[in-house]
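Beneath this line is the structure, given in structure tokens, with notes to follow.
Protein chains: 2
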Amino acid sequence: MKLRIRRVPLDTLRENVAVLSASCIALRPEAFQAFKRLEITHGDRVLIASLDIALDPSFVAPDQIGLTEPAFRRLGLREGAEVSIAPARRPQSLSSVGLKIAGATLTGAQIEEVVQDIAGYRYSDMEIAAFLVSCAGFMTSSELLDLTCAMANAGTKIRWTSPIIVDKHCIGGIPGNRTSMIVVPIVAAHGLVIPKTSSRAITSPAGTADTMEVLANVDLSVTQMREVVDACKGCLVWGGHVNLSPVDDILIGVERPLNLDTREQMVASIMSKKLAAGATHLLIDVPVGPTAKVRNTSEALRLRKLFEYVSDQIGINVEVIITDGSSPIGCGVGPVLEARDVMAVLQNEPFAPRDLREKSLQLAGALIDRDPAMRGGSGYGRAVEILDSGAALAAMNRIIDAQGRNSVVPALGAFHADVLAPRSGVVLAADCLRISQLARLAGAPLARGAGLDLLKRTGDKVEQGEPLFRIYAAEPSHFELATTAAREANGFTIDVISLSGGGVVQ
Amino acid sequence: MKLRIRRVPLDTLRENVAVLSASCIALRPEAFQAFKRLEITHGDRVLIASLDIALDPSFVAPDQIGLTEPAFRRLGLREGAEVSIAPARRPQSLSSVGLKIAGATLTGAQIEEVVQDIAGYRYSDMEIAAFLVSCAGFMTSSELLDLTCAMANAGTKIRWTSPIIVDKHCIGGIPGNRTSMIVVPIVAAHGLVIPKTSSRAITSPAGTADTMEVLANVDLSVTQMREVVDACKGCLVWGGHVNLSPVDDILIGVERPLNLDTREQMVASIMSKKLAAGATHLLIDVPVGPTAKVRNTSEALRLRKLFEYVSDQIGINVEVIITDGSSPIGCGVGPVLEARDVMAVLQNEPFAPRDLREKSLQLAGALIDRDPAMRGGSGYGRAVEILDSGAALAAMNRIIDAQGRNSVVPALGAFHADVLAPRSGVVLAADCLRISQLARLAGAPLARGAGLDLLKRTGDKVEQGEPLFRIYAAEPSHFELATTAAREANGFTIDVISLSGGGVVQ
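So the protein sequences, as listed, match chains A and B. With the numbering used here, letter number 431 in the first sequence gets 418, and the count goes up by one each step, no holes. With the numbering used here, letter number 270 in the second sequence gets 257, and the count goes up by one each step, no holes.
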């Protein structure tokens, strides 16, 4: 019994959802209770979807099947096309998930099947959650390696002609830490190829893609990205259209609401994207601090070992550096403010944040050191030279122009207020989590010009009533939220011990 | 910013789903990507729902919020009522799920919170899956106990005036094993109170509720159930309206598609329902066989220990008996055929299946032995007396009349065919899984009169070409499916060793 496709104007985000009438001619209504997954067939096209029931025939008629976005798009047929339906067979690979739950170690072939089925949207969110939670319980290094490779194989794999393709990645969690936008132009100006794809912010106040988008178009296809890299040796684009390790995006969509956050998942996520992107030399920045993602050095070392193991096996030359993640880097937190800091460093402005400049030079130097033509250890000096001479700024401008320069740079939020020091003393710490949270409450990253501008940094002296930071917001409701929250807790720890009298302050 | 409720005629089965317009006035469209869960508030009513986006304003307008079934029903407001929305706060108890995933043992209070949030529909299916998979990894006995009690506390708790309330439960998996419908009238006729609630078939060809429904109404409220039990000392009703351990039904809805099947989950599921039902004395039937749910005696013993531990702690007097699950019990498989077998046993018909009679007498005897007024070990004899005298039949007729006798008993399926022995010999085994599968293909349990009638049983001699079983179906398509499948594999193992020459046949 064939059903005709009806497009249902409902975006079910990632999951495929089909709608059958309660009086569907092809399946009896009682049968609906027994299963929640439906297999839709047209010739050799097969789509698996979760099932909802239309209680009103005007919504979906008995001889129709409703397809919501993205099921309609993924099946790729026109409205009215005829399809057959059947209760979905369980993807074979779910038995491997069952084994993993029961404590088994999976083979490469089993992991490959699971990843292929996830890539083909044949797993429900519930089934993906079961796979991820069973992996979070325990995962061997070889399972991690197989997962990484299977994920990289499931999407676009970019291959470059240059023998050395460098890349960098920060595991995140530090507000303002926008080093990529300085490292890429320095390294490209030096002459190494560095095709950087970045994500938009998910839980942070700005991702590199959000900040770069303040200055230029970041929404490039693989072909456009190649053109930019051919012309400029580097790029700073959003990874969304490049389809690198699409399974990673699917898994993150389930990990995030579940707050799943294991070392293994982090390594598989990052390395599968880098493998697919064709990187040969990779620098990974692991900031460590009490309010960073990685809280202590021993945890950072375990992460480093795992990155090194996987990289060695897949043939990527990796260097993991553990950096200071005790405080935000730079002054601005939020896309426009961070773009201002980045450009200030590239333009060698006297007010440019020194920590952002210094960290970027260290990272760029480490990457330049990979160049066979360079003498070991000379990378840092070369990076300084490129930055100070304006060559990095010129490279950045070439990249911005090649990607498509924004004619109008978004303005800072119209609403702003200073948050004042409640006492005099020395700033001992600024809480990364709280600073990020306040910037998000102010509207970042969706409001590009919203965020925080840090006026005092760790180690600075401060007088009672002096401003610690300025909140920018684009809308009154966000402004109200952020200022109220900052009054409750501003994230700054100020030591009140008198400076003249000595004490614990360094 | 308030939104008006619009009822969306879409049944999303168990999960709450809300629909916002892509141009919703209360939330900016970019914000949708960041979360999938929405909190809907009206006064002190709060509902958490997953979020879909309407791409067409005629579907859900910018100032409306669409509520699908069952979200509309659960919020309990009229169409047009105004509600506030916000991104849902994570239920606090999800942090306990995170701890469990990381390997922690949860406290009773933590488990209680998780169960309360699941009962309040505050967990998505994905989050429930995460909880279940983390428990499937490992679960201590005390966690199991806490889970059982929390589940029992989360729904209706029935309390009876009689000091002894007996109950029985079979963990299932054996086709035709419809002992409850014989045990209940025997035990009730003896004078013990046995208020039996049963489930409908989920993956089997018939549940006790499906089979009882052939004869009587099983769809009773708690009040109606009490009236039947007051009048008849026993009942055989569907548990669906009684709301015993509703969290169990929610968990099963996730366990089933994930094929999660651990001892701990089985014990929590059964014991929470029995605790809520007010049972004081419980008999659990664990059939063991190569094609049963429990495959070997050591697994059955582990299950028994777990039942005994939990029962001792919650104060239910339990007896776990391990029975022969190597073959189907009785002849009929499917509601009408099983009801026929049950009534044949109660009516002491000569053709009544002896194994069904014998097993029912054993179980009823074990329950009657719990009666303080009975001499130890005399239960079996008493059960035989009640059955043979017709007192059990009379009790069954009273129960049927009290629940509401069906004026018309559904007929057997109009399409039938015999499956013949491919060779002569002795039936060594009949595969429970295959027999169940064939009966389901024939249309059971939805088609009440569909199923299998087993004409040969384990131990029977059979000549080549003699019928092994008869398939009944109500529809040509099911008939075709079942007969084709039976031709491929009929589930019978026939030993061809000549009988006159001795050999392995017992």
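The C-beta atom is built at its ideal place from N, Cα and C for all residues, glycine as well. Bear in mind the structure is a predicted one, so any value in this text is a computation, not a measurement.
Closer than 8 angstroms to chain B by CB, residue 120 of chain A
So, interface residue.
Give the residues of chain B in contact with residue 23 of chain A, contact being defined as C-beta atoms less than 8 angstroms apart.
The answer, in chain order, is 0 and 244.
Name, going along the chain, the residues of the segment 42 to 70 of chain B whose beta-carbon falls closer than 7 angstroms to a beta-carbon of chain C.
Protein chains A and B are contained in the structure displayed, whereas chain C is not.
Can we say the segment 289 to 304 of chain B touches the segment 325 to 332 of chain B, given the rule of at least three CB pairs closer than 8 angstroms?
The segment 289 to 304 of chain B, when compared against the segment 325 to 332 of chain B, does not touch it at the 8 angstroms Cβ threshold.
Quick one: grab the DSSP three-state call for residue 482 of chain B.
Judged by DSSP in its simplified three-state form, residue 482 of chain B adopts strand.
At the level of alpha carbons, what is the spacing between residue 317 of chain B and residue 218 of chain B?
Using only the alpha carbons, I get a separation of about 30 angstroms.
In the structure shown, what three-state DSSP assignment does residue 125 of chain A receive?
In this structure, residue 125 of chain A counts as coil in the three-state DSSP scheme.
Can you find a CB in chain A that lies within less than 8 angstroms of the CB of residue 6 of chain B?
At least one chain A Cβ lies under 8 angstroms of residue 6 of chain B.
By the 7 angstroms beta-carbon criterion, what residues does the segment 117 to 146 of chain B contribute toward chain A?
Residues of the segment 117 to 146 of chain B with a C-beta atom less than 7 angstroms from some C-beta of chain A are 117, 120, 121, 123 and 124, listed in chain order.
So, for residue 434 of chain A: in the same chain, excluding its five sequence neighbours on each side, which residues have a beta-carbon less than 6 angstroms away from its beta-carbon?
The answer, listed in chain order, is 461.
Measure the CB-CB distance between residue 138 of chain B and residue 102 of chain B and report whether it falls below 8 angstroms.
The beta carbons of residue 138 of chain B and residue 102 of chain B sit closer together than 8 angstroms.
Applying a beta-carbon distance threshold of less than 7 angstroms, which residues of chain B neighbour residue -4 of chain A?
For a Cβ distance threshold of 7 angstroms, residue set 41, 42, 43 and 46 of chain B lies close to residue -4 of chain A, ordered along the chain.
Who are the Cβ neighbours of residue 229 of chain A in its own chain at under 7 angstroms, not counting the five residues just before and after it?
Its chain contains 143, 184, 209 and 212 as the residues whose beta carbon lies nearer than 7 angstroms to that of residue 229 of chain A, once the 5 sequence neighbours on both sides are disregarded; these appear in chain order.
Quick one: measure Cβ to Cβ for residue -8 of chain A and residue 68 of chain A, integer angstroms, because I've assumed they're closer than 8 angstroms.
That belief holds up - the Cβ atoms of residue -8 of chain A and residue 68 of chain A are roughly 5 angstroms apart, short of 8 angstroms.
How would you write the range of the beta strand (DSSP E) that residue 389 of chain A sits in, first residue to last?
According to the DSSP assignment, residue 389 of chain A belongs to no beta strand (DSSP E) but to the alpha helix (DSSP H) extending over 378 to 390.
6 angstroms CB neighbourhood of residue 382 of chain A in its chain, flanking five on each side removed
Excluding residues within five positions, the ones whose Cβ falls inside 6 angstroms are 172, 175 and 176.
Using 7 angstroms as the cut-off, classify the Cβ of residue -11 of chain B as near or not near the heavy atoms of the ligand HEM, replying yes or no.
Absence of the ligand HEM is noted for the structure shown, with no ligands found whatsoever.
N- and C-terminal bounds of the beta strand (DSSP E) containing residue 451 of chain B:
It is not in any beta strand (DSSP E) - residue 451 of chain B carries neither H nor E in the DSSP assignment.
Report all residues from its chain with a CB closer than 8 angstroms to the CB of residue 243 of chain A; omit the five preceding and five following residues, and keep chain order.
Counting only Cβ-Cβ distances below 8 angstroms, and skipping sequence neighbours, we find 189 and 190.
Cutoff 8 angstroms: residue 112 of chain A Cβ touching any chain B Cβ:
At least one chain B Cβ lies under 8 angstroms of residue 112 of chain A.
How long is the line joining the alpha carbons of residue 440 of chain A and residue 37 of chain B, rounded to whole angstroms?
Answer to the nearest angstrom: the Cα atoms are 35 angstroms apart.
Neighbour list for residue 85 of chain A in chain B, Cβ cutoff strictly below 7 angstroms:
Simply 246.
Let me confirm a value: residue 121 of chain B is counted as buried when at least 16 other C-beta atoms fall within 10 Å, else exposed. Which label applies?
Classified as buried, residue 121 of chain B has 16 or more neighbouring CB atoms from the shown chains inside 10 Å of its CB.
If we require 3 or more residues per run, which beta strand (DSSP E) segments fall completely within the segment 9 to 71 of chain A?
Counting only runs that start and end inside the segment 9 to 71 of chain A, the beta strand (DSSP E) elements of at least 3 residues fall at 24 to 29, 32 to 41 and 51 to 56.
Establish whether the CB of residue 88 of chain B and some CB of chain A are separated by less than 8 angstroms.
Chain A contact via Cβ: present.
Hey, residue 453 of chain A and residue 404 of chain A are a contact pair by Cβ (cut 8 angstroms); roughly how many whole angstroms apart?
Wrong, their Cβ atoms sit about 14 angstroms apart, outside the cutoff.
Excluding the 5 residues flanking residue 344 of chain B on each side, which residues of the same chain have their C-beta closer than 6 angstroms to its C-beta?
Excluding residues up to 5 positions away in sequence, 332 lie with their Cβ nearer than 6 angstroms to the Cβ of residue 344 of chain B in the same chain.
For residue 511 of chain A, which residues in chain B fall below 8 angstroms Cβ to Cβ?
Residue numbering for chain A in the displayed model covers -12 to 493; residue 511 of chain A lies beyond these limits and cannot be assessed.
Which residues in the same chain have their Cβ closer than 6 angstroms to the Cβ of residue 340 of chain A, if we skip the five residues on either side of it in sequence?
So the list reads 317, 318 and 328, once near-sequence residues are dropped.
Within 10 angstroms of the Cβ of residue 360 of chain A, are there 16 or more other Cβ atoms? Answer buried if so, exposed if not.
Residue 360 of chain A is classed as exposed because its beta carbon has fewer than 16 other beta carbons within 10 Å across all chains shown.
Among B:271, B:166 and B:119, which residue has its Cα nearest to the Cα of residue 240 of chain B?
Taking each of B:271, B:166 and B:119 in turn and checking the Cα distance to residue 240 of chain B, the smallest one comes out for B:119.
Please tell me whether residue 93 of chain A has its Cβ less than 8 angstroms away from any Cβ of chain B.
Taking Cβ atoms only, chain B never reaches closer than 8 angstroms to residue 93 of chain A, which makes this a no.
Within-8 angstroms CB hit, residue 81 of chain B to chain A
With 8 angstroms as the cut-off, residue 81 of chain B counts as an interface residue toward chain A.
Assuming residue 432 of chain B and residue 321 of chain B make a contact with CB atoms under 8 angstroms, what is their CB distance in whole Å?
The Cβ separation is near 7 angstroms, so the contact holds.
Kindly give me the distance between the Cβ atoms of residue 356 of chain A and residue 366 of chain A, rounded to whole angstroms, as I take these residues to be in contact under 8 angstroms.
Indeed, because the Cβ distance is near 4 angstroms, the residues count as touching under 8 angstroms.
Please name the residue, chosen from B:362, B:373, B:338 and B:337, that lies closest to residue 347 of chain B on a Cα-to-Cα basis.
Nearest of B:362, B:373, B:338 and B:337 to residue 347 of chain B, Cα basis: B:373.
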